[in-house]
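Report on one structure; see the data block that follows.
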Amino acid sequence: MRQLLPNQTTPISLPHRRPFPIFLSPFSSSRTLRNLTIRRPFLRRTNFPQSSSSSAICRVDALTCSFTLKACARALCSSAMDQLHCQINRRGLSADSLLCTTLLDAYSKNGDLISAYKLFDEMPVRDVASWNALIAGLVSGNRASEAMELYKRMETEGIRRSEVTVVAALGACSHLGDVKEGENIFHGYSNDNVIVSNAAIDMYSKCGFVDKAYQVFEQFTGKKSVVTWNTMITGFAVHGEAHRALEIFDKLEDNGIKPDDVSYLAALTACRHAGLVEYGLSVFNNMACKGVERNMKHYGCVVDLLSRAGRLREAHDIICSMSMIPDPVLWQSLLGASEIYSDVEMAEIASREIKEMGVNNDGDFVLLSNVYAAQGRWKDVGRVRDDMESKQVKKIPGLSYIEAKGTIHEFYNSDKSHEQWREIYEKIDEIRFKIREDGYVAQTGLVLHDIGEEEKENALCYHSEKLAVAYGLMMMDGADEESPVRVINNLRICGDCHVVFKHISKIYKREIIVRDRVRFHRFKDGSCSCRDFW
Numbered sequence: 001m002r003q004l005l006p007n008q009t010t011p012i013s014l015p016h017r018r019p020f021p022i023f024l025s026p027f028s029s030s031r032t033l034r035n036l037t038i039r040r041p042f043l044r045r046t047n048f049p050q051s052s053s054s055s056a057i058c059r060v061d062a063l064t065c066s067f068t069l070k071a072c073a074r075a076l077c078s079s080a081m082d083q084l085h086c087q088i089n090r091r092g093l094s095a096d097s098l099l100c101t102t103l104l105d106a107y108s109k110n111g112d113l114i115s116a117y118k119l120f121d122e123m124p125v126r127d128v129a130s131w132n133a134l135i136a137g138l139v140s141g142n143r144a145s146e147a148m149e150l151y152k153r154m155e156t157e158g159i160r161r162s163e164v165t166v167v168a169a170l171g172a173c174s175h176l177g178d179v180k181e182g183e184n185i186f187h188g189y190s191n192d193n194v195i196v197s198n199a200a201i202d203m204y205s206k207c208g209f210v211d212k213a214y215q216v217f218e219q220f221t222g223k224k225s226v227v228t229w230n231t232m233i234t235g236f237a238v239h240g241e242a243h244r245a246l247e248i249f250d251k252l253e254d255n256g257i258k259p260d261d262v263s264y265l266a267a268l269t270a271c272r273h274a275g276l277v278e279y280g281l282s283v284f285n286n287m288a289c290k291g292v293e294r295n296m297k298h299y300g301c302v303v304d305l306l307s308r309a310g311r312l313r314e315a316h317d318i319i320c321s322m323s324m325i326p327d328p329v330l331w332q333s334l335l336g337a338s339e340i341y342s343d344v345e346m347a348e349i350a351s352r353e354i355k356e357m358g359v360n361n362d363g364d365f366v367l368l369s370n371v372y373a374a375q376g377r378w379k380d381v382g383r384v385r386d387d388m389e390s391k392q393v394k395k396i397p398g399l400s401y402i403e404a405k406g407t408i409h410e411f412y413n414s415d416k417s418h419e420q421w422r423e424i425y426e427k428i429d430e431i432r433f434k435i436r437e438d439g440y441v442a443q444t445g446l447v448l449h450d451i452g453e454e455e456k457e458n459a460l461c462y463h464s465e466k467l468a469v470a471y472g473l474m475m476m477d478g479a480d481e482e483s484p485v486r487v488i489n490n491l492r493i494c495g496d497c498h499v500v501f502k503h504i505s506k507i508y509k510r511e512i513i514v515r516d517r518v519r520f521h522r523f524k525d526g527s528c529s530c531r532d533f534w
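Using the UniProt record's numbering, read the sequence shown as starting at 1 and increasing by one per residue.
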């Protein structure tokens, strides 16, 4: 017998079992999926008869589950995903490779990589889509090394890679700064594949080879998409080559491409890293004239641009005048600039706003501590440290990567786990002696502990990026002087390391390229590409 909905007198005709997937399909690819949690009670209450009769309301099948899983992935409903997984097993649908791949993709997008890995290993049949889903999930989950291991395992098992595989693997190489592996992956693809070429441009840029990225951009024989242009503009922007970035931005419309919100964001990023305040403000104001809606990231760039230029009051006024609720990142930009310009009042305002938003980021506590430490206000430093402890906020440890002879090496602050750590520490001592003779003075104001100057200087010596650069110099002995030392840092480079690397590049006549969390720094002949504006 057909079931009636509340307040309904006439049964709905359901001649087959497809209406439910059809109902879910449009929602599984739209923003309204965020409301899935509202519909879940209805789904839980609905009974799905197992009758094969054509009069049955609708039966859960692989297609129904597939659409629902996509909905769960978009709405980040992990509990619903687990329930669906159980239903798939109970109803004997686990042999459906397409459905299992959809479930794997949903777990990966939700960040549940443990469940994704377990499902992957249990799958009776794994096609290229299954491999792609897990590789992409590992990359987005900041597990690039594991993603590359899986990619190589895929090749070993003879699975033919697809365009999606290549894009995901190039993303992993971008995270690791492994340009050699990235080149091997990209090699063999035609110059007219826009999706792969975009990924290659991004990979070269993030690995520090922006000129090679530009080569791919110039040699591309197909029709460049707006993503292609945006990727190249962003590449130049984060390398501090603002004029080249803005030159490409200005060519967009001449080539029949309408700049979108990402195009303007890339241009603002270029202005931000180069300190082009007035030009950046004109780009920002031009967005309204062109009918491009500003979002939080655009405001963030302008606030950061003004803050870095020392115009803290203007930056504060922009945040307060926004029609939308400011993101914590905007206040964090203001807090970071307050440290640079030793503005205690503005630092306290920004810190208070961040706390009221319920954000407990270790970097924010450290920045406020730095402001107090620079003024010798050690009681306030202690108060901030106590606040961190009471909220159980842990400082993220510094981590740096460097590639040497085909192997990626990792270093943490004061790391002694490397097999050559003694030689590295000896190299650090050699560097300290030489840079002192060149006029180096340690930035001891960055050390938050109330200890002696010598102890503060020693505390600065073994930052992860210094260890990585020292190791790089060891490996470069006798190498071509044109070969730079390339380091990737998980945090922003500290002020003392920045000063040290300028001295090293001058004394050792070796270019040093550091990619930190925000941008690239190219140290050469005693100066940095950021012009000390970062």
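Ideal Cβ positions, reconstructed from N, Cα and C, are used throughout, including at glycine.
Beta-bridge analysis with DSSP links residue 401 to 410 and 488.
Comparing alpha-carbon positions, the option among 375, 352 and 326 lying closest to residue 364 turns out to be 352. Separation of the CB atoms of residue 104 and residue 134 is rounded to 6 Å, and the pair is thereby assigned contact status at 8 Å. For residue 295, the CB contacts under 7 Å within the same chain, skipping 5 residues up- and downstream, are 261 in chain order.
Note on geometry: alpha-carbon atoms of residue 370 and residue 507 lie some 30 Å from one another. Distance from residue 428 to residue 504 at the Cβ level is roughly 11 Å; contact not present, criterion being Cβ atoms closer than 8 Å. DSSP places residue 377 outside both helix and strand once states are collapsed to three, so it counts as coil. Closest by C-alpha distance to residue 99, out of 111, 125 and 110, is 125.
Assigned with DSSP and collapsed to three states, residue 422 falls in helix. Contact between the segment 405-422 and the segment 379-392 is not established, with fewer than three Cβ pairs separated by less than 8 Å.
As far as DSSP is concerned, residue 236 takes part in no beta bridge. Contact check for residue 414 against residue 471 fails: the beta carbons are separated by 7 Å or more.
If you draw a straight line from the Cα of residue 242 to the Cα of residue 172, it comes to about 26 Å. In the structure shown, residue 513 adopts extended strand secondary structure according to DSSP, grouped into three states. In the structure shown, residue 263 falls within a helical segment according to DSSP collapsed to helix, strand and coil. The C-beta of residue 316 has 16 or more other C-beta atoms within 10 Å across all chains shown, which makes the residue buried. Within the segment 125-149, the runs of alpha helix (DSSP H) that reach at least 4 residues and sit entirely inside it are, in chain order, 128-140. When secondary structure is reduced to three states using DSSP, residue 528 falls in the strand class.
Here the alpha carbon of residue 204 sits roughly 14 Å from the alpha carbon of residue 237. For residue 385, DSSP records no beta bridge to any residue.
Counting only runs of at least 4 residues, the segment 195-222 fully encloses the following alpha helix (DSSP H) elements, listed from N- to C-terminal order: 210-219. Listed in chain order, the alpha helix (DSSP H) elements of length 4 or more contained wholly in the segment 287-365 are 296-308, 312-321, 328-340 and 344-356. Secondary structure of residue 523 (DSSP, three-state): strand.
A residue is called buried when at least 16 other Cβ atoms come within 10 angstroms of its Cβ; residue 358 does not meet this threshold and is exposed. When the Cα atoms are used, residue 101 and residue 154 turn out to be separated by approximately 16 Å. Rounded to the nearest angstrom, the gap between the Cα atoms of residue 322 and residue 161 is 47 Å. Taking the Cα positions, residue 208 is about 12 Å away from residue 214. Counting along the chain, residue 182 sits inside the alpha helix (DSSP H) bounded by residues 179-186. Note on residue 502: 16 or more other CB atoms within 10 angstroms of its CB, so buried under the neighbour-count rule. Straight through space, the alpha carbons of residue 263 and residue 298 are spaced by roughly 11 Å. As the crow flies, the alpha-carbon of residue 303 is around 7 Å from that of residue 333. Here residue 284 carries a helix assignment [DSSP, helix/strand/coil]. Around the beta carbon of residue 114, fewer than 16 other beta carbons sit within 10 angstroms, so the residue counts as exposed.
Around the CB of residue 424, 16 or more other CB atoms lie within 10 Å, so the residue is classed as buried.
Nearest neighbour of residue 326 by Cα position, chosen from 313, 377 and 354, turns out to be 354. Judged by beta-carbon spacing, residue 529 lies within the 7 Å limit of residue 240, meaning their Cβ atoms are closer than that value.
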